[in-house]
Amino acid sequence: MSQLSSVSATGAVSTGGEGSTGAAGRPLRVVAVSGSLHTPSKTTALVREILASYGRELSIDAHLIAVNEIGPDFAGTLRRDELPASVEDELQRIENADLLVVASPVYRASFTGLFKHLFDFVGQYALVDTPVLLAATGGSDRHALIIEHQFRPLFGFFQALTLPIGVYANDSDFTAGAVTSLDLQERIDLAVARSLPLIRSNVAEADSIAKYLGR
């Protein structure tokens, strides 16, 4: 797990764009989850590029959760009340996010087991209406439908707001573990751009409700 303020040069934490913010003018809480089992990771590199693109458009406070780093702390656990505080903290970040960016490499036509197991602990109604950008990596484009066949049903169960365009990347989009494909960067920027009206509308509605409730 890592707080991205230490790599602000990538644009992951920024006050760019139109400067949309959450309640009380704070930056939007953006939580990214990488389901990769490895370090370094193409999936994590993809997530960082997506966060950087959001950072150029919105004022965000980004936090990255790498399941391979926290996996040993929850892999053998079946109940949330048995989790260590460090994992519980990450779950609360996920549940309180203004925007989620989730990604996994493809294993046997699905996301990794650790990625799914982490979300097994998330409250059933904790992500209702939370915007979620879906992303995945694979060896070739034949795995690209994972976003529609695996990710959308999972976050549909949570009643989250899955954003209209997902981002899929294959091995040819990377060089030495870094995103080097201009086509992929354009697809990232398009997915982010198409999501902005929904995110801004969602945040405005949440702020309106919070004011109504006197929070």
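Residue numbers (UniProt numbering): 1 to 215. We put the CB at the ideal spot given by N, CA and C, even for glycine.
Original post:
What do you get for L118, buried or exposed, if any count of 16 or more other CB atoms within 10 angstroms of its CB means buried?
Top reply: Numbered from 1 along the sequence shown, position 118 holds the residue referred to as residue 118. Result: buried.
Subject >> Contact between the stretch 184-192 and the stretch 107-125 (3+ Cβ pairs under 8 Å) >> reply: They do not touch, by the three-pair rule.
Original post:
Is H63 helix, strand or coil by DSSP?
Top reply: As a working note, residue 63 is residue 63 in the sequence shown. Looking at H63 - three-state DSSP - the assignment turns out to be strand.
**OP:** Please state whether DSSP places L134 in a helix, a strand or coil.
**Re:** Here residue 134 refers to the residue found at position 134 when the sequence shown is read from its first residue. Strand at L134.
Original post:
Excluding sequence positions up to five away, which residues of its chain have a Cβ less than 7 Å from the Cβ of M38?
Top reply: Indexing the sequence shown from 1 puts residue 38 at position 38. Residue 38 is actually His in this sequence, not Met. Taken in chain order, the residues that qualify are N68.
Original post:
Skipping 5 residues on each side, what residues in its chain have a beta carbon closer than 7 Å to that of V87?
Top reply: The residue labelled residue 87 in the question sits at position 87 within the sequence shown. Excluding residues within five positions, the ones whose Cβ falls inside 7 Å are I70, D73, F74.
Original post:
Among A136, H63, G113, A45, which one has its Cα closest to the Cα of P27?
Top reply: The residue labelled residue 27 in the question sits at position 27 within the sequence shown. It is H63 whose Cα lies nearest to the Cα of P27.
**OP:** With distances taken Cα to Cα, identify the nearest neighbour of residue 255 among R29, R48, H149.
**Re:** Residue coverage of the chain in this structure runs from 1 to 215, which leaves residue 255 outside it and unanswerable.
Subject >> For R29 and A204, the rounded distance between their alpha carbons >> reply: The sequence position of residue 204 within the sequence shown is 204, counting from 1. The sequence position of residue 29 within the sequence shown is 29, counting from 1. So the alpha carbons of these two residues sit roughly 14 Å apart.
Original post:
Touching or not, the stretch 76-96 and the stretch 48-59, by the rule of three or more beta carbon pairs under 8 Å?
Top reply: Contact between the stretch 76-96 and the stretch 48-59 is absent, because fewer than three Cβ pairs lie under 8 Å.
Subject >> Nearest to E148 (by Cα), restricted to the options S140, D129, Y168 >> reply: Residue numbering aside, residue 148 sits at position 148 when the sequence shown is read from its first letter. If we check each option's Cα against that of E148, Y168 comes out closest.
**OP:** Measure how close the beta-carbons of S104 and A136 come, nearest whole angstrom, since I'm counting them as under 8 Å.
**Re:** Translated into positions along the sequence shown, residue 104 becomes position 104. Translated into positions along the sequence shown, residue 136 becomes position 136. In this structure, S104 and A136 form a Cβ contact; the two beta carbons are roughly 6 Å apart against a cut-off of 8 Å.
**OP:** Take the Cβ of L161 as the centre, count every other Cβ of all protein chains shown within 10 Å, and call the residue buried at 16 or more, exposed below.
**Re:** Residue 161 sits at position 161 when you count from the first residue of the sequence shown. Buried, since its Cβ has 16 or more Cβ neighbours within 10 Å.
**OP:** Would you list the residues sitting across from N170 in a DSSP beta bridge?
**Re:** Looking up residue 170 in the sequence shown gives position 170. N170 pairs with G138.
Original post:
Where D129 and T43 are concerned, what is the direct C-alpha to C-alpha distance, given to the nearest angstrom?
Top reply: Working through the sequence shown from its first residue, we reach residue 129 at position 129. Working through the sequence shown from its first residue, we reach residue 43 at position 43. Whole-angstrom Cα-Cα distance: 25 Å.
**OP:** Would you mind listing the beta strand (DSSP E) stretches within the UniProt domain "NADPH-dependent FMN reductase-like" (29-171) that are 3+ residues and don't spill past its ends, in chain order?
**Re:** Assignment of beta strand (DSSP E) within the UniProt domain "NADPH-dependent FMN reductase-like" (29-171), counting only whole runs of 3 or more residues, yields 60-66, 99-105, 131-138, 167-170 in chain order.
Original post:
Name the DSSP beta bridge partners of V179, please?
Top reply: The sequence position of residue 179 within the sequence shown is 179, counting from 1. Beta-bridge pairing links V179 to F174.
**OP:** Give every residue of the same chain whose Cβ lies closer than 8 Å to the Cβ of V192, excluding the five residues on either side of it in the sequence, and list them in chain order.
**Re:** Here residue 192 refers to the residue found at position 192 of the sequence shown. Taking V192 as the centre and dropping the five residues before and after it, the same chain places the C-beta of I50, S53, Y54, E57, L133 closer than 8 Å to its C-beta, in chain order.
Subject >> Cutoff 6 Å; reference I146; Cβ partners in own chain excluding five residues on either side >> reply: Position 146 of the sequence shown, counting from 1, holds the residue named residue 146. Result list for I146: V106, A136, in chain order.
**OP:** Please state if the CB of S195 and the CB of P153 are separated by a distance shorter than 8 Å.
**Re:** Taking the first residue of the sequence shown as position 1, residue 153 is located at position 153. Taking the first residue of the sequence shown as position 1, residue 195 is located at position 195. Taking 8 Å as the cut-off, the Cβ atoms of P153 and S195 do not count as close.
Original post:
Can the beta-carbon of L114 be found closer than 8 Å to that of G35?
Top reply: Working through the sequence shown from its first residue, we reach residue 114 at position 114. Working through the sequence shown from its first residue, we reach residue 35 at position 35. Closer than 8 Å, so yes.
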